[in-house]
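J.: Using my numbering, the first residue of the sequence shown is number 27, and each one after it goes up by one.
Note that beta-carbon positions come from the ideal geometry of N, C-alpha and C, so glycine has one too.
Structure below; questions to follow.
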Amino acid sequence: MEHAEDSSDRSAAPGPGGAEDGIATAEFAIVTLAAVGFAGLLVTILTSGDVRELLLGLVRQALSY
(Lines of atoms letter the chains of each structure in order from A and count residues from 1; the text may use other names and numbers.)
(Lines give C-alpha, C1' and ligand atoms only; values in the text may rest on other atoms or scores of the structure.)
Protein backbone atom coordinates (compact mmCIF):
# COMPACT_ATOMS: atom_id res chain seq x y z
CA MET A 1 0.00 0.00 0.00
CA GLU A 2 1.72 3.15 -1.20
CA HIS A 3 0.85 6.63 0.07
CA ALA A 4 3.22 8.62 -2.09
CA GLU A 5 1.53 11.74 -3.40
CA ASP A 6 2.60 13.82 -6.32
CA SER A 7 2.39 17.56 -5.54
CA SER A 8 0.88 18.21 -8.99
CA ASP A 9 -2.11 16.04 -8.05
CA ARG A 10 -3.06 18.40 -5.21
CA SER A 11 -2.92 21.57 -7.33
CA ALA A 12 -4.85 20.10 -10.25
CA ALA A 13 -8.21 19.97 -8.51
CA PRO A 14 -8.77 21.38 -5.05
CA GLY A 15 -10.26 18.94 -2.61
CA PRO A 16 -12.93 19.72 -0.05
CA GLY A 17 -12.39 23.33 0.88
CA GLY A 18 -9.39 23.75 -1.33
CA ALA A 19 -8.67 27.41 -1.93
CA GLU A 20 -11.62 28.38 0.29
CA ASP A 21 -10.33 26.83 3.53
CA GLY A 22 -10.12 30.14 5.40
CA ILE A 23 -13.40 31.62 4.16
CA ALA A 24 -15.59 29.85 6.73
CA THR A 25 -13.32 31.05 9.54
CA ALA A 26 -13.50 34.61 8.21
CA GLU A 27 -17.29 34.40 8.02
CA PHE A 28 -17.49 33.19 11.62
CA ALA A 29 -15.22 36.04 12.72
CA ILE A 30 -17.38 38.64 10.96
CA VAL A 31 -20.60 37.21 12.40
CA THR A 32 -19.06 37.09 15.88
CA LEU A 33 -17.95 40.73 15.65
CA ALA A 34 -21.41 41.76 14.45
CA ALA A 35 -23.05 39.87 17.34
CA VAL A 36 -20.75 41.50 19.88
CA GLY A 37 -21.47 44.93 18.41
CA PHE A 38 -25.22 44.29 18.51
CA ALA A 39 -24.99 43.06 22.12
CA GLY A 40 -23.08 46.22 23.07
CA LEU A 41 -25.74 48.36 21.43
CA LEU A 42 -28.50 46.50 23.30
CA VAL A 43 -26.70 46.94 26.62
CA THR A 44 -26.31 50.66 25.95
CA ILE A 45 -29.98 51.06 25.05
CA LEU A 46 -31.36 48.92 27.86
CA THR A 47 -29.29 50.59 30.55
CA SER A 48 -30.35 54.11 29.59
CA GLY A 49 -32.60 55.82 32.14
CA ASP A 50 -35.69 56.25 29.94
CA VAL A 51 -35.75 52.69 28.66
CA ARG A 52 -35.03 51.33 32.11
CA GLU A 53 -38.00 53.21 33.59
CA LEU A 54 -40.22 52.02 30.75
CA LEU A 55 -39.22 48.39 31.31
CA LEU A 56 -39.63 48.67 35.09
CA GLY A 57 -43.08 50.19 34.56
CA LEU A 58 -44.08 47.28 32.34
CA VAL A 59 -42.83 44.73 34.87
CA ARG A 60 -44.60 46.50 37.74
CA GLN A 61 -47.85 46.64 35.76
CA ALA A 62 -47.59 42.96 34.82
CA LEU A 63 -46.94 41.94 38.43
CA SER A 64 -49.81 44.04 39.80
CA TYR A 65 -52.50 41.87 38.16
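Would you mind stating whether Ile71 and Val77 have Cβ atoms separated by less than 8 Å?
T.: Result yes, Cβ atoms of Ile71 and Val77 sit closer than 8 Å.
J.: For Asp47, does the three-state DSSP call read helix, strand or coil?
T.: In this structure, Asp47 counts as coil in the three-state DSSP scheme.
J.: Would DSSP call Thr73 helix, strand or coil?
T.: Correct three-state label for Thr73: coil.
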